[in-house]
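First the structure, in the form of structure tokens, and then the observations on it.
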Amino acid sequence: LNSPFTRGTGTEVVVSSVTVYNLGTATGSSIDRIEIENGATVWQTTNTSALQTGVTINMGWNVPAGTHVLRVYVTVGTTVTDGQSVRLAEIFHYKVDGNMGDSPRISDKSGETIRDGGFDDIKDNTAGPHHFNPEDVGEVFAATFSDDDANGHDVLWVQTGGATIVKVENLGTGETSDIDEVNVTIEIAGADYTSGWRNWNPASPMNFAYNWFEEDLNGDGDSDDAGEDDPLPDKIPDDDSAVVTVQMRIEDSGDVADGRTIRPRANLLVKEGNPGNEVEYEQTATAEPTQTIRKQGFELIAEQSATLTSGTVTNG
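See below:
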């Protein structure tokens, strides 16, 4: 919240205090500190318990002539309810040539949303629904996991090496007899990193290790140089995104059951926070469309015969 102040010459203005309210849903238990800054001058309080009814911060600020902008910052605590909102309002209490007064309420126009660490926005981009025939290969899941917060922290994978960083499961009815192989691709900063094609053999879900992913330069779903020179980065840069796609290859016609379905859910295991004190998160995206496995031939058959009008039909 930014508040401009303009003081002309010839008067003495002292801002004695300010009362800060939250018009959003977050309570004082989610906010550790409120700070008001004017350049190098800072007023603050950690007594935020009455945030929704009003927290008063003593200032004693002799306002110089000219225009000044006061900026209000909040420090979010470590125990928060994901999705709570912060929309601050403030009333300044002042003296003009010794006469007391209160400003009108100044409120934030839009507000912000408190999120747990990790990715702040997760968007499903899965295309479909589509039909898959035996031996078809296609994308069954796509989602963008984005970091969009006020801090400067990168989002790190929870661990590297052989640790699990991605989990994939099928919420549809398709079984291992229907789905042959699966491939997960993670795009970071314009580069694709692929797990390569692996047998679909989930222990519900199927785990994908960090060291399975290597750069896919030609987009064929396989790593291009099986070595240590092009592994998956160990982090997603601050305020950047990871695009996760899942492809599946259907079994041959002798194995699949007609009409079974594919609807993946993917979990990413990440951490974010002050270096050395990061908090771990497991964040989920689920495909909205459901893909259907069909035998070869026509996938959709619709009967369109015209119904005869009831009555008597004569010869000819």
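Here the UniProt record's numbering is used: position 175 in the sequence shown is 175, and no number is missing along the way. Cβ coordinates follow ideal geometry from the N, Cα and C atoms, glycine included.
Using 8 Å for Cβ pairs, my map puts residue 134 next to residue 291. What's the rounded Cβ distance?
The pair is not a contact, with the Cβ atoms about 14 Å apart (cut-off 8 Å).
Out of 263, 32, 58, 125, state which residue places its alpha-carbon closest to the alpha-carbon of residue 172.
Minimum Cα distance to residue 172 is reached at 263.
For residue 162, is the classification buried or exposed, using 16 other Cβ atoms within 10 angstroms of its Cβ as the cut-off for buried?
It is exposed - the Cβ of residue 162 has fewer than 16 other Cβ atoms within 10 Å.
Could you tell me the alpha carbon to alpha carbon distance between residue 84 and residue 30, rounded to whole angstroms?
Each residue's Cα considered, the two are about 9 Å apart.
Unbroken alpha helix (DSSP H) runs of length 4 or more, entirely within the segment 13-83: which are they?
List check, alpha helix (DSSP H) in window: nothing returned.
Mapping the DSSP letters down to three states, classify residue 274 as helix, strand or coil.
Of the three classes helix, strand and coil, the one that applies to residue 274 here is coil, per DSSP.
Given this structure, state the Cα-to-Cα distance separating residue 345 from residue 145, to the nearest angstrom.
Nothing in the structure corresponds to residue 345, since the chain is present only between 1 and 316.
Have a look at 165, 94, 88, 169 and flag the residue whose alpha-carbon is nearest the alpha-carbon of residue 202.
With distances taken between Cα atoms, residue 202 lies closest to 169.
With a CB to CB cut of under 7 Å and the five nearest residues on each side skipped, what residues in its chain are close to residue 120?
Only 146, 147, 148, 149 meet the Cβ criterion.
Would you call the segment 150-159 in contact with the segment 183-201, where contact means no fewer than 3 C-beta pairs closer than 8 Å?
At 8 Å Cβ cutoff, the stretches do not touch.
Tell me which residues share the same chain as residue 87 and place their Cβ nearer than 8 Å to its Cβ, disregarding the 5 neighbours each side in the sequence.
For residue 87, where only same-chain residues beyond five positions count, the Cβ hits under 8 Å are 22, 23, 24, 107, 108, 110, 111, 112.
Taking the DSSP output, what are the residues bridged to residue 193?
Note: residue 193 sits in a beta bridge opposite 186, 215.
Measuring CB atoms only, is the segment 228-237 touching the segment 248-257, in the sense that at least three cross pairs come out at less than 8 Å?
These segments do not touch.
Should residue 143 go down as buried or exposed, given a rule of 16 or more other Cβ atoms within 10 Å for buried?
Looking at its Cβ environment, which holds 16 or more other Cβ atoms inside 10 Å, residue 143 is buried.
Just to confirm the assignment, what range does the beta strand (DSSP E) spanning residue 10 have?
Careful: residue 10 lies outside any beta strand (DSSP E) and carries neither H nor E.
Going by alpha carbons, who is nearest to residue 243 out of 50, 192, 61?
Nearest of 50, 192, 61 to residue 243, Cα basis: 192.
Would you report the Cα separation of residue 47 and residue 28, rounded to the nearest angstrom?
Rounded to the nearest angstrom, the two C-alpha atoms are 8 Å apart.
Note down, in chain order, each residue of its chain lying with its Cβ closer than 6 Å to the Cβ of residue 205, except the 5 sequence neighbours on either side.
The answer, listed in chain order, is 167, 168, 169.
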